[in-house]
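Novice: After the C-alpha cells below, expect a handful of questions from me.
In our numbering, the protein residues as written are 28 to 262.
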C-alpha cells in the first residue's frame with residue numbers, strides 16, 4: 028500500500044483553481060519526485076498535503092487514513108514532516124535549539140537524544156557547531172540544520188521542498204547525497220524540485236506538474252528519457 032495517496036484533488040486560491048484533478052502516489056521506502064517550473068503548482072500541492080490549503084475536491088490518504096481536512100498539527104503527528112523551501116531556520120537560536128524543535132512532539136528526552144545523535148552522524152558539522160546561532164551559518168549549513176530538524180521528528184514521510192534553491196553546486200550535490208542516505212535509512216521521501224538532473228539521479232519515480240496538472244508520470248528512468256518533458260520544462 029502506498030504511504031501517500033492523492034486522489035483527484037482540486038485546490039483553489041481566491042476561487043481560482045491552482046491544482047486541477049491531481050492524482051499521485053508515494054510508495055513506502057522510495058524517493059518520489061514532483062518536478063515543475065515556478066507556477067506549476069508544486070507549493071500548492073505541499074500546502075494541500077499539510078492541510079494549510081485543503082483541496083475543495085478529491086481526497087488525500089496517508090497510510091490508508093484520510094487526512095484531507097485534518098488540522099496541520101494532526102497531519103504532522105501522523106508521521107509527515109516537511110523541510111520548507113528557503114530553509115526557514117530560526118536565526119537567533121542555536122543549532123541545537125533549532126534541531127530540538129523538530130522533536131517538539133516527543134516528551135521522552137532519551138528518544139530525543141538518540142535522534143540528535145543520528146542527525147549528528149549524518150551532519151558531523153552540526154555537532155561541531157551545536158552552540159552557533161543558525162543565522163550566522165552559510166546557506167548550505169542552514170540547509171543542513173533544516174534537514175536535520177525534519178529528521179528530528181522521526182517521520183514516516185519527509186517532504187523536501189526545493190533543496191537546491193539558492194545553494195552553490197557543491198552544497199547542492201552534498202544535499203542530494205544526504206537525501207539519498209536518508210532514504211537508505213528507510214525514510215520515504217517526497218522531493219519537490221526544479222533541478223531535474225540531480226533529482227532524477229536519486230529518485231525512484233516521479234511526476235511532472237504544469238499549470239496545476241500532472242502532465243507526465245513514470246519511473247525516474249522513464250522521465251529522464253522523456254524528450255518532450257525535457258524540451259518543454261527543463262531545456
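Virtual Cβ for every residue (Gly too), placed ideally from N, Cα, C.
1. Is the beta carbon of residue 110 closer than 7 Å to that of residue 6?
2. From the DSSP output, in three-state form, read off residue 44 for me.
3. With 16 other CB atoms within 10 Å as the buried threshold, where does residue 164 fall?
4. Heavy atom of the ligand NAP less than 6 Å from the Cβ of residue 155, yes or no?
5. With three or more beta-carbon pairs closer than 8 Å as the criterion, would you say the segment 63–74 touches the segment 236–244?
6. Is residue 179 closer than 7 Å to residue 126 when the C-beta atoms are compared?
7. Give me the residue from 86, 121, 124 and 205 with the minimum Cα distance to residue 216.
8. Can you tell which of 143, 203, 221 and 177 has the C-alpha that lies nearest to the C-alpha of residue 103?
9. Look at residue 47 and residue 240 and say whether their C-beta atoms are less than 7 Å apart.
Specialist: Once the coordinates are examined:
1. Outside the displayed range of the chain (28 to 262) lies residue 6, so it cannot be described from this structure.
2. In the chain shown, residue 44 corresponds to position 17, counting from 1. Note: residue 44 maps to strand in three-state DSSP.
3. Here residue 164 refers to the residue found at position 137 when the chain shown is read from its first residue. By the 10 Å Cβ count, residue 164 comes out buried.
4. The ligand NAP is not part of the structure shown, which contains no ligands of any sort.
5. yes
6. In the chain shown, residue 126 corresponds to position 99, counting from 1. In the chain shown, residue 179 corresponds to position 152, counting from 1. Contact: yes.
7. In the chain shown, residue 216 corresponds to position 189, counting from 1. Nearest of 86, 121, 124 and 205 to residue 216, Cα basis: 205.
8. In the chain shown, the residue the question calls residue 103 occupies position 76. Nearest C-alpha to residue 103: 177.
9. Taking the chain shown and counting its residues from 1, one reaches residue 47 at position 20. Taking the chain shown and counting its residues from 1, one reaches residue 240 at position 213. Going by C-beta atoms, residue 47 is nearer than 7 Å to residue 240.
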